[in-house]
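Chains as they are written, first to last, in the working numbering: chain A, 66 to 171; chain B, 66 to 171. Report on the structure given below.
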């Protein structure tokens, strides 16, 4: 199992929409995430920051990440959530920025 | 089991020290955390932000949190780590600020 954490900003005027979207996440998205071997995934908010933690239980992370890239429902979900988000300044791309693990206790 | 996430800032000149402290965390601290019923605890860094994620497996969170408040080693650990940290603006106290869980997938 591999642990991942990522950070992104939420647009202030989109927090309520983002909260609603995730309180009632589309079942197809949850199903695809599980088939991507993602487990124990949580998203947290404070002060305009979003923090995501999850565990990957597969054996080919890149392949699993790419698995549903062409799925129309996944594309729609990523579009509506990306419209709420704003990458942190240091992010390389246009999405969630990986964080460095400093500590772990099992 | 209850999940928790918290956020705090790291003083820029203290990141290396904080990284070293946590890469080689004192065994007594790890032992006390386990006796506090904390499991799967990770701390992540990016852009001066620290995120902590952990799971609580006990039945009295407040009592477990207070269990080692008077322990000299715990007090020393909290002093050296607090000297590296800076609460986020919205924090109520002088330490880690709780985050709101927006999403969870088992």
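Virtual Cβ for every residue (Gly too), placed ideally from N, Cα, C.
Residue 74(A) and residue 114(A): beta carbons closer than 9 Å? yes
Using only alpha-carbon positions, find the residue among 163(A), 109(A) and 87(A) that is nearest to residue 154(A). 163(A)
I need the DSSP call for residue 43(A), collapsed to helix, strand or coil. Since the first residue shown for chain A is 66 and the last is 171, residue 43(A) is missing from the structure and cannot be characterised.
Opening and closing residue of the beta strand (DSSP E) in which residue 101(B) lies: Where residue 101(B) is concerned, there is no enclosing beta strand (DSSP E), given that its DSSP letter is neither H nor E.
Return yes when the Cβ of residue 161(A) is within less than 9 Å of the Cβ of residue 71(A), no when it is not. yes
Round the Cβ separation of residue 108(B) and residue 139(B) to the nearest angstrom and send it over; I've been treating them as touching at under 8 Å. With 8 Å as the limit, residue 108(B) and residue 139(B) do not qualify as a contact, their Cβ atoms being about 17 Å apart.
Given a threshold of 16 other Cβ atoms within 10 Å of its Cβ, counted over all protein chains shown, does residue 66(B) qualify as buried or as exposed? exposed
Which of helix, strand or coil DSSP assigns to residue 74(A): strand
Within the 9 Å Cβ cut-off, does residue 118(A) reach chain B? yes
Taking Cβ-Cβ distances below 8 Å as the criterion, which residues of the segment 149-166 of chain A are in contact with chain C? No chain C is present in this structure, whose protein chains are A and B.
Flag residue 135(B) as yes if its beta-carbon sits less than 9 Å from any beta-carbon of chain A, otherwise no. no
Contact check, residue 87(A) vs residue 168(B), beta carbons under 9 Å: yes
According to DSSP, residues forming a beta bridge with residue 110(A): 115(A) and 165(B)
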